[in-house]
Every structure is written in structure tokens, then in C-alpha cells.
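Participant:
Number of protein chains: 8
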Amino acid sequence: MKLQQGQKLLFIGDSVTDCERVKPEGEGLFGALGKGYVSNIDALLQSVYPELGIRIVNKGVNGNTVRDLEKRWKTDVLKQQPDWLSIMIGINDVWRQYDTPFIKDWHVYIDEYEETLRKLIKETSPHVKGIVLMAPFYIESNEQDAMRRAMDQYGLVVKQIAEEFNCIFVDTQAAFNDILRNLYSSSLAWDRVHPTATGHMILARAFLREINFDWNK
Amino acid sequence: MKLQQGQKLLFIGDSVTDCERVKPEGEGLFGALGKGYVSNIDALLQSVYPELGIRIVNKGVNGNTVRDLEKRWKTDVLKQQPDWLSIMIGINDVWRQYDTPFIKDWHVYIDEYEETLRKLIKETSPHVKGIVLMAPFYIESNEQDAMRRAMDQYGLVVKQIAEEFNCIFVDTQAAFNDILRNLYSSSLAWDRVHPTATGHMILARAFLREINFDWNK
Amino acid sequence: MKLQQGQKLLFIGDSVTDCERVKPEGEGLFGALGKGYVSNIDALLQSVYPELGIRIVNKGVNGNTVRDLEKRWKTDVLKQQPDWLSIMIGINDVWRQYDTPFIKDWHVYIDEYEETLRKLIKETSPHVKGIVLMAPFYIESNEQDAMRRAMDQYGLVVKQIAEEFNCIFVDTQAAFNDILRNLYSSSLAWDRVHPTATGHMILARAFLREINFDWNK
Amino acid sequence: MKLQQGQKLLFIGDSVTDCERVKPEGEGLFGALGKGYVSNIDALLQSVYPELGIRIVNKGVNGNTVRDLEKRWKTDVLKQQPDWLSIMIGINDVWRQYDTPFIKDWHVYIDEYEETLRKLIKETSPHVKGIVLMAPFYIESNEQDAMRRAMDQYGLVVKQIAEEFNCIFVDTQAAFNDILRNLYSSSLAWDRVHPTATGHMILARAFLREINFDWNK
Amino acid sequence: MKLQQGQKLLFIGDSVTDCERVKPEGEGLFGALGKGYVSNIDALLQSVYPELGIRIVNKGVNGNTVRDLEKRWKTDVLKQQPDWLSIMIGINDVWRQYDTPFIKDWHVYIDEYEETLRKLIKETSPHVKGIVLMAPFYIESNEQDAMRRAMDQYGLVVKQIAEEFNCIFVDTQAAFNDILRNLYSSSLAWDRVHPTATGHMILARAFLREINFDWNK
Amino acid sequence: MKLQQGQKLLFIGDSVTDCERVKPEGEGLFGALGKGYVSNIDALLQSVYPELGIRIVNKGVNGNTVRDLEKRWKTDVLKQQPDWLSIMIGINDVWRQYDTPFIKDWHVYIDEYEETLRKLIKETSPHVKGIVLMAPFYIESNEQDAMRRAMDQYGLVVKQIAEEFNCIFVDTQAAFNDILRNLYSSSLAWDRVHPTATGHMILARAFLREINFDWNK
Amino acid sequence: MKLQQGQKLLFIGDSVTDCERVKPEGEGLFGALGKGYVSNIDALLQSVYPELGIRIVNKGVNGNTVRDLEKRWKTDVLKQQPDWLSIMIGINDVWRQYDTPFIKDWHVYIDEYEETLRKLIKETSPHVKGIVLMAPFYIESNEQDAMRRAMDQYGLVVKQIAEEFNCIFVDTQAAFNDILRNLYSSSLAWDRVHPTATGHMILARAFLREINFDWNK
Amino acid sequence: MKLQQGQKLLFIGDSVTDCERVKPEGEGLFGALGKGYVSNIDALLQSVYPELGIRIVNKGVNGNTVRDLEKRWKTDVLKQQPDWLSIMIGINDVWRQYDTPFIKDWHVYIDEYEETLRKLIKETSPHVKGIVLMAPFYIESNEQDAMRRAMDQYGLVVKQIAEEFNCIFVDTQAAFNDILRNLYSSSLAWDRVHPTATGHMILARAFLREINFDWNK
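Residue numbers (full-length UniProt numbering), protein chains in the order written: chain A, 1 to 217; chain B, 1 to 217; chain C, 1 to 217; chain D, 1 to 217; chain E, 1 to 217; chain F, 1 to 217; chain G, 1 to 217; chain H, 1 to 217.
1. Given a cut-off of 8 Å on the beta-carbon distance, is the pair leucine 117/D and isoleucine 179/D in contact?
2. Starting from valine 57/F and walking both ways along the beta strand (DSSP E), at which residues does that stretch end?
3. Using a Cβ cut-off of 8 Å, pull out every chain A residue sitting near leucine 156/C, in sequence order please.
4. Check whether the Cβ of isoleucine 54/F lies closer than 8 Å to any Cβ atom in chain G.
5. Do valine 16/G and histidine 194/G have their C-beta atoms closer together than 8 Å?
6. Short of 8 Å Cβ to Cβ, which residues in the stretch 88-99 of chain D face chain B?
7. Rounding to the nearest angstrom, what Cα-Cα distance links arginine 96/G and histidine 107/G in this structure?
8. Find the nearest neighbour of residue 222/G within the set Lys104/G, Lys23/G, Glu25/G, Ala189/G, judged by alpha-carbon distance.
9. Exposed or buried, glycine 6/B, counting other C-beta atoms within 10 Å across all chains shown (16 or more means buried)?
10. Quick check on DSSP: helix, strand or coil for serine 86/B?
11. Could you give the distance in angstroms between the alpha-carbon of tyrosine 37/B and the alpha-carbon of arginine 21/B?
12. Would you please verify whether the beta carbon of alanine 174/F is less than 8 Å from any beta carbon of chain H?
13. Along chain B, which residues have their Cβ under 8 Å away from the Cβ of isoleucine 103/D?
14. Run through the DSSP bridge pairs and tell me what residue 225/E is partnered with.
15. Going by beta carbon distance, what residues of the same chain come within less than 8 Å of isoleucine 103/B, once the five residues before and after it are set aside?
16. Could you list which residues in chain E have their beta carbon closer than 8 Å to that of methionine 147/F, in chain order?
17. Mind the definition here: the stretch 77-92 of chain F touches the stretch 28-35 of chain F only if three or more C-beta pairs lie below 8 Å; say whether that holds.
18. Cβ closer than 7 Å: which chain H residues qualify as neighbours of aspartate 191/G?
19. Can you list, in chain order, the stretches of the beta strand (DSSP E) that have 3 or more residues and sit fully within the stretch 66-136 of chain E?
20. Pick out the complete alpha helix (DSSP H) segments inside the stretch 131-167 of chain G, 4 residues or longer, and give them in chain order.
21. Could you tell me the alpha carbon to alpha carbon distance between isoleucine 89/F and isoleucine 131/F, rounded to whole angstroms?
22. Buried or exposed, going by whether 16 or more other CB atoms sit within 10 Å of the CB of aspartate 111/E?
23. Measure the alpha-carbon distance for valine 94/C versus lysine 71/D and round it to whole angstroms.
24. Is it true that the CB of serine 86/A sits closer than 8 Å to the CB of methionine 201/G?
25. Give me the Cα-Cα distance between lysine 122/E and glycine 60/E, rounded to the nearest whole angstrom.
26. State yes or no: is the beta carbon of leucine 3/C nearer than 8 Å to at least one beta carbon in chain B?
27. In or out: glutamate 115/H buried (at least 16 other Cβ within 10 Å) or exposed?
28. Just mark asparagine 58/C as buried or exposed, buried being the case when its beta carbon has 16 or more other beta carbons within 10 Å.
29. If you compare alpha carbons, which of Lys23/F, Asn64/F, Ser39/F is closest to aspartate 14/F?
30. Using the C-alpha atoms, what's the distance from aspartate 105/G back to isoleucine 91/B?
31. Could you give the residue range of the alpha helix (DSSP H) that holds glutamine 4/E?
32. On the DSSP letters alone, give me the boundaries of the alpha helix (DSSP H) that isoleucine 41/C sits inside.
33. Just to confirm the assignment, what range does the alpha helix (DSSP H) spanning glutamate 210/D have?
34. Return helix, strand or coil for valine 16/F, following the three-state DSSP convention.
Right, here's the structure in full:
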């Protein structure tokens, strides 16, 4: 297990991360971590490694793009002084290009996305023990679908930055693709974006596998 | 225009038809017709043909399949004595096979669908001046998508029954396909099923074209 | 069609324009354009001309008079940099003289109305590709009715300013008059001001006719 | 004053009478009489004639026509054993012909109106000390307005029945006409039907004058 | 009638005046004047003297004492520039001495009451055409009751100031005493302070009598 | 202490007893006993005599008169098989005569009150170990007040029945009178009926004194 | 993995099972399975074994004891025809003896508990492929705590019945005990009964281990 | 009785003190003192010593630790100028160490607790007539329980400071221990912290005994 005794792991992202987490803290009891994969990861870590005392913080905010992350980076990441940082961003950067195509102010194209994300990682990397980059995803099995193709490209950017800065990369799209061989996308997310309980567990498991979590410990 | 002075046109269907229409009446002022294509059709008819006095009734119910329609057919169709009847059903019959694949009690497979729909049309046909059959649709441009393929088959059943009983057929899928050449599905329906305002107007226009509505009158 | 590829069309006005549009943006999915004629125009444009990518923004605010428009003109019109601007204002300017006759501070008499509207058009005209002036209206068939007479005079002012600045003029009162020959005012607006779904479609159709929208395209 | 010590006066009618009265009782403290003319009449009677102990009951129901009154007559009138009965009905009977002209099931035409009202009065007359018939009204000053003309005819029916059965007749339309010489209809009722506080006071005063109420007592 | 064409009459006071009036304006349609005696006075004035165009404004605020009135006097009275001003204050000044006797900070004793009220009248008198002083009241028939005795003394202060500055004095306590000979206090106000609909009509009538309102005009 | 190990004590009455108790059970945790004197008695008994395991049940219902108690006596008293029964009823029987004097159907006059109460006690007495009769009260210090005089008479009836059937009598009026020498009625109950927290503690203490509760145990 | 292709697994129990599941169905999308261990089990099964198509149904009901299960057994278990059945009951049977000790009607003592549970298992066993018995638990580390001792005895009964009928036994208390060595009870359940997200994951993992679920598959 | 005529007694603390008291005042009628022991103390004092006119103020705030008290001490204690001050704090200081053990920022360890509390008492002591220190408590009968052991240590700190500054000490833990011999903790507080009505009465009685309150006066 890559996480060690007493470390603090902070998650930042969009609505897939947020999931009604308590604001502004993003930690505590009574559903403070929200109802999504962050809560699942916390519950699995505490169930299997209660002796490690890992502290989980959720700083997801609905509707965020990487442009929004940049604005709140100082407050919501740097000042929190996490040991580990996990980022999953990019879904809205792409989605707005497809659901509101005429409102171009709301789109974050791939160059801005890459540049901003790289800048944030570069700035933060020296201050933390490790960074996890979770690719944005689209729960659509057709690889030729226009939005799926775009999301795959954003995912590729994330993968490259992960390699560049020696981050852990979580291939969320691959995790969903595995399941999509057996289940139609609607059973994982009606809008192909916001996961059901099963969808969030898929994300949690993909994350935990990359940090060497051992279910059978 | 196929509708004539003082006729009553009743719409029945699922959530795409319902759209928060007032229950049980399904007619009147103050949004009683709901917020979807039925209200658009009414508004366009009254705007262009106010002298005809066409009476519109909305009997859509969220979540209905053709099996549900059969149960309320006597009350919600026959007792209403409409001159014209419009039916759009089948989306939930198919969708449940894809979003809750393990709950087979909720699926209405194509044989039951065809048999039930034919029975209802046969029984009702002698009592009305005309029937409009609107195909169920799936706002997905990929024709190889599993659910799209299934929906196309249900749509074909509707088309055949329309021919068999000399009904007006509205090819809603074709109407959406036209637009999907320019707009991605997310801008017409986040879940590819429940249309935005634009999606409902596409349905209304497809319907009105088949009854020879003349915008420029 | 007078609107061209990628243009932005902004509507400003009072409660007839507002119709629960989302604030402050006035654009986006999920009913962000409100439930009135602006949403209808958007839905009809996207249904028939999806390839043009027209961007619609709704900046109506309940209860506004031309005096209120002036206060928010910089923020809600000029800073938005629309290509086309549509204005429908004046109903409250007149109505307050009739429903709260003793609160004279709330009345905007015709001289102030004309002067303010002309000033706004003059200031904005150089910055946009086109302006549409929609006359204020009163859904009352009796031309001798005191408030109808007043509204007609305000409408005349709008028409004159339209000619003066070469704007497109939409004669909304004439559009309603057409329908009032067949339908009593109560079926279009209980208070003769706030239109039903049919009333809003009448406004949308009157607007679209003036910009050469082609339903049959 | 025509009302005497300890008598019970029951009002029945539609939404103009109802005004959020408590159901089913229609009497008691804490706004049980609603917020309209019935409450005004009660307040004025208790203020000026507290020694008489007049008991007021409000049995108005929103949306009622004379057809609806007939259905609940036994329960809401006869079983209540009032000494005096006041009826104001007919607005919806007429209005539905104008605001939802195509839903003819909802219309109560003048023959049915007259026949039903006469039957009810005839049946009740022997059991009460007095009946007050308040004409239905339409707060529209133009006598040539289609709905005003219709309402005047229904009012005439009421007046004739009042004479026939020796009831007290309250000419509510005349009371409003008096005020409409000075105030525009919108200041008394936005939809020309549901009165403002002033409109309800006009009704109360018209009623009280006919029963010889003395403000200066 | 003492009020003349086009004059503005402003009411200020505590919860008996407030009665859910709209804030901050205190005037307009749709119950903006609240549900108490102010609304009754407005309705009676418009019903009988519609030609005068009297403008009524309600600036009552729940829980106010004369100490609170002083704080908002500039904004809520002087800046409003009324022609006539009506003040009813003092109930809370007394009541807090009886319902929360140990919280002495909340009490306004008679010397402070008199001094403050006199100061406000003196300051305002030159700027208005007339002032109406309505005595505070306590709907308790036992003159020896401790709180009733206190309220009578505050009422006496009001009467003296009225004489001193030539204001119209409305003896609200006397008006209630009249009715209390026939009705027990509970039927006019459960807590002997907040009037029922009847209680508010008694206040309205007492006020209107002093300004020579003529019901039979 | 008159209550013994494991006994069940049931309270029945009106809104003073009810105080938002949970329905229908009237016992359990989380405020199930309501917020009034019943909850206070339970809390004091459990605090001082936890070893006795006294079970308290609250069957108060808002607005009840003795006529209402009779209707639900079988279900809410006899079937519950309490060891001890406490009854406080009569406030509404009297109050309705004073707050809604013209609605005589709602009044329960003293003969009916006495007869009904006696019948209930007679019927129940053989089945329980003891009955506590709490007098109805009116928190008004003036003994000449009309409603206080009436309540005192009802209280006298209760006292006589208590003697007749050898019940414990709790003189609630006397308990309040004690306090009224120092505190004005408004500080114990704004409407002189529904007690504040202090008022309920006065009732609890009066009750407990009669059953020989020992605070200092 | 003991569950096989297409099988239906039904959970029944109390509030720990219920967790706001949708009623009456207890299955479907959108949180229909509630927010507790049942949802976790479903999410983990679908994430790891999507090809098996296991159907999960949640029939937990807040506050239930084994006495309540018996009443709804026919409807909620037998008629559902599950392949596998999981039961966790007994917490309320014990808890009521400790939190409301005087209300003995609410207690289910160990003999009744054992007898009822055995009867249900005996009756159901022939109709299903397998039964899982999850012991009731109390998240308290002190084995000498009175309620913990009682719960352990109920758990022993469950274990014995499991052996008797060859059911799978899930030792939930042991699973919590493991964690309680590192975490204090408050961090798993404020009231030592209703688990946090972590507590539910501990239950899910304990269950899944007994059916040979393989996280690393 | 240690409290004397006209004195003001202020309570400060956490959620056990707060109990939905009105903010910011913390005094007045209508439940302004909350639903806990503060309200009980007030009710008992007014019931037995109404002639003393003791003024009670509640300044409890949910979730507070001694660190939070320090921040609002000036406003909520010193500026209020109480004669007597009662403090009960420390539960959250301890609890956070047990329910959210990994969020160390939220813990207030015993040294900081002692130092801060001593500083506040030292600073305030000269300005008041008396201070009551109520120990924090944990309604758990097992003295070896980890959190109970910690709470006992914090309680010891409070006792020592009380002796040091000559304050009245209320041993709340001892009061609960007395009851725990007969009742299990769940019947006094489901989470062993927030008392039921009985739990609050135990606190009130423990407090009142220390100030020589005489129930039988």
C-alpha cells in the first residue's frame, strides 16, 4: 500500500467527485465526503487499514473545469497541505463543447486544458508525497462517438502529464470499458457521465488498484 | 390540414408525452398540457388555426410501457371519445432492457409490444376518425448502438402497424437523425431520451408535417 | 433568414420575456431560457437551422420598465456583445398607470419612454448587426379600452423609432389582434398581459416571420 | 337590519366566495371565513352589531359552477339549516365558455344555469327566513365586451329569479360599474374576476346595503 | 372627509399595523398593505371615494416600540413625504413589562415613551397636512387588570400629545370597550393584542369616523 | 410515592396535554411524550425514581372537549389498560363559549360536561389502581373575569367528582394563582391557556405533589 | 463465487438494511437499493462480476424486529421468489429492552426471537438455493456491556440456526470487533448501531467474503 | 438559595446547552431558551421562586469546544454582564478525538483545554457574583471505556479549576452515574452525549441542588 500511517489524501475535481460533499470542509462524519467514489475509497481504506489512520478530504465542486480548479487551487489544495493529491478533471471541459456548442465561452479546449493542468501539477508536485491523476471518462462504448473521441484525447493528455511528472495514472475509461462489455451504458449512468453506485465503485476500485490496496489483507 | 372544425385530439404515451401535464384531466389552461411536444402542438394549432377550435388532451404518464397503456386504455382513451388519437409508446419497453437488465419483469419484449399495440389499435380504430402513430426514438446517432438498434426495431413494428391499419405514421427517429447531423445528442437530451425544449419542438414539427399543418397560412 | 452562422441574439424585456429564465446567465440547457417566446424561438431555430449555431440569450427581468432597462443596459446588453438585439418593453410603463394609479412614482409616461428608448437604441445601434423592436401589447380586443389605447400609443413610438434607426419592427399587437377575432382574450392571457403557451407561440411566430424564418426548409 | 338576534347566515359560491376559507367547516376564528367579502361582512356585522350574535358560514368552493352547487347542495346548504342563505354563482359557468372555448363539457349554458338555480331556490325557499341572490359579475367597463355581455345576461336571470321567489337581489355588477367610472379594471382585479381587497369591500358594501346595515349605528 | 384629492396617507406602527405588509415598499397590489386595519381603511376609501385617489402606505413593523420607530423615522416617515401620517405605537412598550418582566432592556417606560413620541410629532408636524394619533390598546374589559391600567396610561399620554399638537386622536381602547360589552375578549384577539378580522374592522371604523368618512355617500 | 414498581400511568386531555406528542402511540423516545407537563413529569420521575420503571403514556389531542374524550375512551384509555389514569379536560368546553360564542354546536355546557365526565370515571374506576383528576384552568388573575368564573365552576365539578369517586384531585388553578401573585398572566401563557415552559412545570409540580413525589430523595 | 448467472438475491432486515431504499420495490436505479451495505454489495458485484447479472432486492424496513418480519414474510420474501436470501435481524429486538425498558410490549425476548427465526428459515429453506444469516451486532468494544452481552447471545442463536439449516453465517460482530481494535465505536456509528459509510463497507466485505467474492478477479 | 432578587444567570456551552435556543438573544418567550436543561432550570426557578425575578440567558452553541468559547467570550459573556455564569464545555474537545481521530486540527487536548478554561475563569471571576462549573460528561457506565476515561480526566480539570477559583462545581458525571445503575445509557442518550428529556432533567436537578434550590418551598 502506497499510503502510509497518518497521511492526508485530498481529492479535487468536478461533480463526479463532489457528490453532495459538505462544504467547505469536505471531511468529517455524516456523509461529509459525499456519496461517490471518494466516500467509497475512504470506507474501503478504513475497513481494511484502520490502523493507518488515513485522512481523506473531498474538494470536488459541481460543474468545474480545469479553469475553475486553477482559480481555487491555492485555497483548496495548497493551503490544505495534503500528503497525497488526486485530480480528476476534464469532463465539463469537453461536455460543454457538445451539449451547449454555441456558448463557446464555456468550452475549455485541449490546449488550454493541457497547459493549465501541467502548470498546476508542476507547481504542486514539490509540495506533496504523491499525485494521482485520474483520467476524465465518458461511459459510452462506441469509440467513434464524437464526444468519446474527444474525451479519449483529453485522457491521453492526462496520461502524458502523469508520465512527465511521475504521477500515478488511473485509467478510468479503461475501467468502464471493461464493464461496458457486459452492461449497457445506461445502467452505469443515464447521461453517460454521472455514475450510479456501481459506477462509483468502479472508479474507487480502479483508484485503489493503482495504490496497491489489498482487499484480502 | 387533416384536423377539422371542433375535433378532439388525444395524446397518450410515456414521460415524453406527460411532461408534468395536469392529472387526471390533461387539458385546460395554466400548463395543463405539460411542457412538452403536446403543448407545442396545441400552441401552434391555436396560433395558426384559431378558427378551428381543436381540443387537445394529454394522457401521457411517466414510466409507462405499452403494458401500462393497455391497463388504462378504457378510461384514458375510449371513454374520452376523441376524434383523433396519437400514440407514442415503447421507449420504456426497450430502455428497461438496458438500464436495469437483471429486472426482467420490467422488460416488454418486442413480441408482447407488437401484439399489445396491434390489439389496442384494432379495438380503437373503428371509434375514431384517425390515428397517429409516433415511433419511439432514441437520440443516439450511432446506428450500431445496441439500444438504438433495438429501438429501431420497435419503430419498425409501429410503422408496420400504421400501414396495416391505415394510420398516420410519424417517423420521430428520422426527425432526430436529421438534427443529429449538426448537433450532438447531449444538446437534445442529456440521457438521449428526455428531450430539451428543442427536442420537443422537433417532435411537434414532425407531427404537424404529417397532418399537413401550414405555418404560413 | 437574416440570422447568420454563429451569431448571438440577445433578448431583453420584462416578465413576458423573463418567464423564469435562469439568472444571471440567461442561457444554457435545462430551461435556462425560460418558458416563454424566447425559448420557443430558440427551439424553432435549432429545429430548423441546427447548422447555423445561433446562440440565444435571455435577459428579461420581471416588472421592468424602460427606466429599469436603462440601469442595467451596460451590463446586460453592451457587455454581452450580441450580434442581434431584440427589445420588448413598455407593458409595465403603461400598466402601472392603470393598476396602481395613485403611486405615480411607478409610472413611466410616454415622453420619458420615448426619450429613454431612443437613447438606448442610438447608443447600441453602431455595436450590433441588427436590432429587433417588438411592440408592447395588450391582449384586449376593444380598441377603445383606456389601457389598450395607451398601449397602442406606446407601440406607435416603438414603430417610429424602428423606422428612424432602421430596426426590424414586430407588430405584436397586430399578431394578437388576428387571433382575437377567433379567441377571447381570456384564453390567451387571464390578465390580458401574461400569455399562455399559445400566446407565447404567437409572439415567437410574429418574431420569426420578420426575420424570414422558413418552417418548411 | 333584516338579520335578527342569533340568526345563521350561510354563503355559498365559487372562488370569489371561497378565498381560502377553512374546509370543511367554513366558520371559526383564525381566518376560517377566508379573505374575501364574506370575512368583510362578518367583521362589519360584529363590529357594528355585536349584540346580535349573527353566525356566518362560508361554503364557497373554488371553480364551482351552478352544476357543482347542485351536487353539494344537500350537505353544504340544507343540512346546515341556515336562517339566511346568500348565493353568488355563475362566473365560471360563463368564463369557461371564453377561456377554454373548446372544452364544451366545462361550459354551463344559460338554460341549464337558469333551470338549476331556479330548482335550488325553489327547493330551499320554504326552509329559510330569507335568500340573498348576488349577481355574478365581470369587472370590465366595456358593455359590448363579449364576456361582459354574457355575464349581464346571467345576471338578468338571477334578478328574475330573485323577483320570482321574493329574494333580496344584490346587483354586484352595478356596484363595480360605479367604481369603474373612476378606476380602471386592473386596479380591482388583474383578471377582471378575482377582486382585490377593494373589490371585496365593494361586494361587502353592496350586500350590506341591501340588508339595511347601518354603519353609523 | 378630511382627506383630499391625491393625498398620501402613511401608517406607521407595530405588528397590529404590519400584518404581513410587503417590505420595504408597503404599498401596491396583491396584499401589499397587509391583512389588517390599514388594508381595510384603504379598501373602504377606494370603495366609497374612488375619485379622490388617496394613496395609502403601510410602514408597520412587527415588535416595534417607540424606540424602534425613532430609529427608522427618517427613512420610513420623513423621506416618504406623506400628506397625512397615522401612528399607533406603545403596545410592545407596555407588553414586554408584563410578558418578559425580567428582561428590563426590552421595556420602554412611560417617561421615555412620552418624550420620544413628543419629539417625533414635534419634528414631523410642520412637514405634513395632518397627523392621526391612534392610542395603543389592550382588549381586556377589566379596567383594574395591571396591563390594562398601564396601557390606559400610555393611551392618556397619546391623547395629551394629540391635544398639544392639534392632531386627530383615535380612541381605539374606547372602540374595543364598546364591543367588549357584548363579546368576550377571546373572540376579538386570543392574546388580547393581535385582533381578528373583526378587531381590525373595529380599528378601521374608529379611524374612519374621526376623519369624517361617509359610508352612505 | 403513590406510584409503584412497573406501573403504567396514562394521561388524557386536550392541547395542554398533547403538546406535539407522537401519534398514535404517545410513548417512546425522541419527544414522543410531547413538550409539555407530561414530558416534565416523566423526566422528573425517571430522574428521581429510575428504579421504579414507571411507564408514561400521553393520549392528549388538540382541541378536545369531554365530548371528544368519550368518543375515543375505549381505544385510548380502556384498551391501554393503565394502572393509573390522569385526566385534564374542560378548557375547550368553556373556551368555545367565549371565543366563538355564536357557534353553539361547539359549546359543551356544564351539565353535559359533568354528566359525561362522571360516566367516564364511573366506568373506568373499577379497572385502574388510581385516577388523578386535574382541574381545567384559566391563567387569569381576575376572579370576576367571565371566562375565569365559568372555568372555576367546571373546576368545582371536577373536584366534586374526585371526591365522589375517591380520585386524587390536582388544583391546577390554585397552582397558577400562586404564581400570578408575582407574575402577570402573559408571561405564563400569551392566550391565558397554552402554558409556556414555566407554566407546564407548574402543572407538573402540582401533579407530583399530590402523588407524594420527593425531589430530595 | 457462490452466486451464479442470473440469480436473484434478496436482503431483508431493519434500518441497517433499509437505509432509505425505495418502497415498495426495493430495486432499480437511482438509489433504489438505499445507501447502506446492500447498495455496496450490489455495486461491488456489478463492478467485478458484471457478466453474472446478479439481481439484488432490498426489503429492509426501519425499526423492524423478527416479529415484524414474520408479518410481512409472505409478501416480501416468499412471493419475491429469490434464489438467495440474506437476513439480518435482532438489533431492535434487543435495543428496545435497553432504550425503552418500561415499554415491554416492544421487547422481543430471546425465546420468541429464536422460535420465530427458526420457523421462518424452516419454511423458506426448501424454496431457495441458499440462505445467508448475518448476525445482529452492537458496535461496542466492551464485551461486558449489558447490551453487548445480550446482542452476543442473539448472535449465538443466529449462528446455531445457521448450522442447523446449513446456511451461510456472517459474523458481523467479529468484523466490527476487528476494526474496534483500531477505531473507537463513535467513528463507526454515533449510536453504536447505525453504521457510517465505513461501517456499511465493513458489513459488505464480511458478507462478500463468505460468498467467495474475489476483488482481484 | 444562592441566587438573589433580580440577578441574571448566563449559561454558556455546546450543543447540550444550545438545544435550539433562539439566536443571538438566547432569552425571551416561545422556547427562546431552547429545549434542554437551561429551559428546565428557568422553568423550575420561575415556578418555585417567581418573586425573585431571576433572568436566564442561554448562550450555548452547537459543536463548540473551549477554543470556540474563547473566541466569543467578550461578546457572549463579558458584554452581557451577568451576575452568575454557568459553563459546561469539553464534550466536543474530547469527542472529536474519538469520532474523527484522523482530523487532528479538530481535537482540543487536555493541556490546551485546561489552560484556556483557567484563563477565561481568571479573567471573568472579578466581574461576576458567582461562577458555576458543570463538568463535561459521557453517559457510559463502563469506567474503562476509552472515551469515558478521557472525559473523566477533563472533568477532573474542571473540578480543580473550580476549587482554585472558588466556583460552584456540578458533578454531572456523578449525577448520570447514579441513574446508570438503573437505566441503560441508550435510554438517556442514543449517542451517550445528547440527553433525552430525562437526561436534561438530571442535569437541571444536579445544578439546582448545588445552588440550594428548594422544591418544597
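C-beta: ideal position from N, C-alpha, C; glycine also.
Here the structure is a predicted model, which is why all the values come from computation and not from measurement.
Facilitator: With the given structure in hand:
1. In this structure, isoleucine 179/D does not lie closer than 8 Å to leucine 117/D by Cβ.
2. Per DSSP, the continuous beta strand (DSSP E) segment holding valine 57/F begins and ends at 55-60.
3. Neighbours of leucine 156/C across chain A, judged by C-beta separation under 8 Å, do not exist; the nearest C-beta is about 36 Å away.
4. Yes, its Cβ sits closer than 8 Å to a Cβ of chain G.
5. Cβ distance < 8 Å, so valine 16/G and histidine 194/G count as in contact.
6. Considering only beta carbons, the part of the stretch 88-99 of chain D lying closer than 8 Å to chain B consists of Asp99, in chain order.
7. Cα to Cα, arginine 96/G sits roughly 6 Å from histidine 107/G.
8. What the structure shows of chain G is the stretch from 1 to 217, and residue 222/G is not part of that stretch, so it cannot be assessed.
9. Glycine 6/B should be labelled exposed.
10. In this structure, serine 86/B counts as strand in the three-state DSSP scheme.
11. Cα-Cα distance, rounded: 11 Å.
12. Not one chain H Cβ lies under 8 Å of alanine 174/F.
13. Going along chain B in sequence order, the residues near isoleucine 103/D (Cβ under 8 Å) are Glu27, Gly28, Arg55.
14. An answer regarding residue 225/E cannot be provided, because it is not within the stretch 1 to 217 covered by chain E.
15. Apart from sequence neighbours up to five positions away, the residues of its chain that approach isoleucine 103/B with a beta-carbon distance below 8 Å are Arg96, ordered along the chain.
16. Result: Tyr184, Ser186.
17. Contact between the stretch 77-92 of chain F and the stretch 28-35 of chain F is absent, because fewer than three Cβ pairs lie under 8 Å.
18. Result: Trp190, Asp191.
19. Every unbroken stretch of the beta strand (DSSP E) spanning 3 or more residues and falling wholly within the stretch 66-136 of chain E is given here in chain order: 84-88, 130-134.
20. Counting only runs of 4+ residues, the alpha helix (DSSP H) found wholly inside the stretch 131-167 of chain G occupies 146-164, in chain order.
21. C-alpha separation (whole angstroms): 14 Å.
22. Aspartate 111/E is exposed by the Cβ-count criterion.
23. Approximately 44 Å, taken between the alpha carbons.
24. Inclusion of methionine 201/G and serine 86/A in the CB contact set at 8 Å is not warranted, their separation being larger than that value.
25. Roughly 20 Å separates the two Cα atoms.
26. Interface criterion not met: the Cβ of leucine 3/C is under 8 Å from no Cβ in chain B.
27. That one is exposed.
28. Classification for asparagine 58/C: buried.
29. Ranking Lys23/F, Asn64/F, Ser39/F by Cα distance to aspartate 14/F puts Asn64/F first.
30. Their Cα atoms are separated by approximately 51 Å.
31. Looking at the DSSP string, glutamine 4/E is not in any alpha helix (DSSP H), and its letter there is neither H nor E.
32. Per DSSP, isoleucine 41/C belongs to the alpha helix (DSSP H) from 37-48.
33. 197-210 is the extent of the alpha helix (DSSP H) around glutamate 210/D.
34. Here valine 16/F sits in helix by DSSP.
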